[in-house]
Structures are given as C-alpha cells and as structure tokens.
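Working notes for the structure below.
Residue numbers (the numbering used here): 136 to 477.
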C-alpha cells in the first residue's frame, strides 16, 4: 500500500510568523504611500487625482507643476521617510531599554534639539536652515551623550538611562522656557513655530541629503539585528555569543539619536511617532522586529500629515507636530489604562 503525502499540513509557526510580518510591513508601507499620494491633492490649490497622472507624464500647467513638484512632493516624501526613521529609532530604544514606553524622547533628544535651536536663534541670531539644522542635530547628539555618560556606571543600565533621560529633559525644558521668555517677540515666535513641528518647511534642498543620511544609518541599524536578538536573551547570553554588549548598546543609541536628530532638524519635534510605531507593529505582527516598526512609523506620520491638511482646509491651523502630540497623548493614556487594568 502506497503512502499518500499529507498536502494539507499547515505551515510551521515560524514560517507563518515570517509571512505575517512581511504582509504587515508591505501593507503598512503601501498604505503610507497611498496616504502620501492623497495628500498631494489637498491644499489651498487643490489638484484633482486624475491630474496627478497627467502631471507625472509631463503635461499640465507650469503652476500645477510648481505646486505639486516643488511644494507638495517633498512634504509627501518626507512624511513617509521621516516617519520610517522615527519608527526605527523608537523600536531600537524599546528593544534596548526593554520598556514598551521607551522612545528617543525618553533620553531628551527632542528637548535637546529644541535647546540647540533656541540658542542658535535667540543667542546667536542664526536663521538659515542649515545653521538651524546643525544646531538641532548638535543639541540632540550632545544631550544623548550627556544622558549616556551620566547613566553609565560600570555598564549601561536601562533603568538609569530612563531616569537620567527624564531628569535631563526636565532640566533642558526649563532652560528652553528661560531663553524664550528673555527673547524678543520675533525670535520667540520663530523658535515657537519651529517647536510646533511641521513638514511644510521641508524642501528638496534639505530632503535629499537627509534621505541619504537616514538610509545609511537605517541600514547600519538593521545590520545589528542578529546581535540585538542575542541581547534580548540577556547580557550574559549575548556575551557568550560573542557580542560586545556595551559597544552594541552605545552604537544603537548613537544610531537612534542620529535618526531622530536628522528628522527633528528638518521638521522640529514630532512627538509620540517613535513611541507608537513599535506598538502598532507588534499589535499587527507580534514580535520585536525592527522592519515592521519602520513601515508603522511611515504610516503614522503620513496619516498625521493628512489629518493636518484636512484640518487646514477646515480653517484649523494644526501643524503635524500638534496632531502627533494630540493623537500620541491619547494613545499613551490608552496604554497606561490598559496596563493598569491588567
């Protein structure tokens, strides 16, 4: 009697999980792209969806091409790319701290970037984009370095990193408030507008180099995935596998800082995207992978930008930073209430 092969056997759990991660990652990225394309049609000068294809093929008026290519397209691309960068930065910090509420905000990067901009604009009188971007990046990097040094005690404890990060962020917040109260009205308004967080200031001049930096840094972060899996099992296990634990943590913190600082330098602080993206990714595809968080971040920021555009059409001036702050605050409260009930 000939045995008949069982062709109805379900796929192994690991294969099913991998397939789900791939589907979620691709689905979120496609959704983010669709939202970004939809945002191209919205604004003070609306462009019908059927005109997008015509403009892409090189037809249409010069004014339509100006609005679409020079004004809106950089913003749409930035929403996807910058959201992806924040999602990756948030996933890295949450993996390192083993804290679901961890995010780059926790180590004061956003507040430090704000301090850099406040010093540049108010004390130094700098207003150029590249000078402000450099000040924001330097402020974020120095803040992360200070937090890391203060938290290091023969090793890098995640608990100390969180506590020191909160303390440094609070101290810098008071410095920022003092600088703004001492500034003249014009400088205070400039700093305040930057601090609101907006994608509208993104241009091709700033977007192109930023995308190159983010892609390179993101690729470097993804190359550490195998070592990061070992670190998830504990420092002793990771060391037994040949992982230099302290060096890996410092490297990943530096990569997360650069990802966040580049975005913040372009847009101002965009709160809660880095915090929420890994949660959204884990709910849709259980696990701690970095790649799903990248697509989730892109989807969240593209969604927030679309909400900001719709509100603007309704006569409500709400920059995307305010939208992410409002939605992220509500999401954080939901997480805290849910954790308390459990």
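Cβ coordinates follow ideal geometry from the N, Cα and C atoms, glycine included.
If you draw a straight line from the Cα of residue 412 to the Cα of residue 249, it comes to about 22 Å. For residue 203, the number of other beta carbons within 10 angstroms of its own is at least 16, and it is reported as buried. The beta carbons of residue 275 and residue 386 sit no closer together than 8 Å. Rounded to whole angstroms, the gap between the alpha carbons of residue 179 and residue 251 is 33 Å. Separation of residue 175 and residue 199 (C-alpha to C-alpha, rounded to the nearest whole angstrom) is 11 Å.
In the DSSP annotation of this structure, the continuous segment of the alpha helix (DSSP H) that includes residue 249 starts and ends at 244-253. Under the DSSP assignment, residue 240 falls outside any alpha helix (DSSP H); it carries neither an H nor an E label.
Our two residues, residue 417 and residue 428, have alpha carbons roughly 8 Å apart in a direct line. Only residues of its own chain outside the window of five on either side were considered, and among them 332, 456 and 459 have a CB closer than 6 Å to the CB of residue 405, listed in chain order. Each residue's CA atom was taken as its position, placing residue 302 and residue 170 some 37 Å apart. Rounded to whole angstroms, the separation of the alpha carbons of residue 401 and residue 312 is 22 Å.
Taking the CA atoms as reference points, residue 217 sits about 36 Å from residue 375. Between residue 242 and residue 307 the beta-carbon gap is near 11 Å, outside 8 Å, which marks them as no contact. DSSP places residue 287 within a strand segment (E or B) once states are collapsed to three. For the pair residue 190 and residue 348, the Cα-to-Cα distance works out to about 29 Å. Judged by DSSP in its simplified three-state form, residue 311 adopts helix. Boundaries of the alpha helix (DSSP H) harbouring residue 231: 208-232, taken from the DSSP string. Assignment of residue 294 by DSSP, reduced to helix, strand and coil, places it in the helix class. Contact check for residue 410 against residue 225 passes: the beta carbons are separated by less than 8 Å. For residue 321 against residue 278, the beta-carbon gap comes to about 26 Å, at or over 8 Å, which does not count as contact.
The Cβ atoms of residue 425 and residue 227 sit closer than 8 Å to each other.
Apart from the 5 residues on each side of it in sequence, residue 443 sits with its Cβ closer than 7 Å to the Cβ of 453, 454, 455 and 458 in its chain, given in chain order. With respect to the C-alpha of residue 437, the residue from 421, 382 and 335 having the closest C-alpha is 335. The beta-carbon distance between residue 327 and residue 407, rounded to whole angstroms, is 19 Å. This is too long to meet the 8 Å contact definition.
Between residue 281 and the set 344, 269, 215 and 244, the nearest pair of CA atoms involves 244. In this structure residue 430 is not in contact with residue 168, their Cβ atoms being roughly 10 Å apart against a cut-off of 8 Å. For residue 238, the closest C-alpha among the options 341, 344 and 304 is that of 304.
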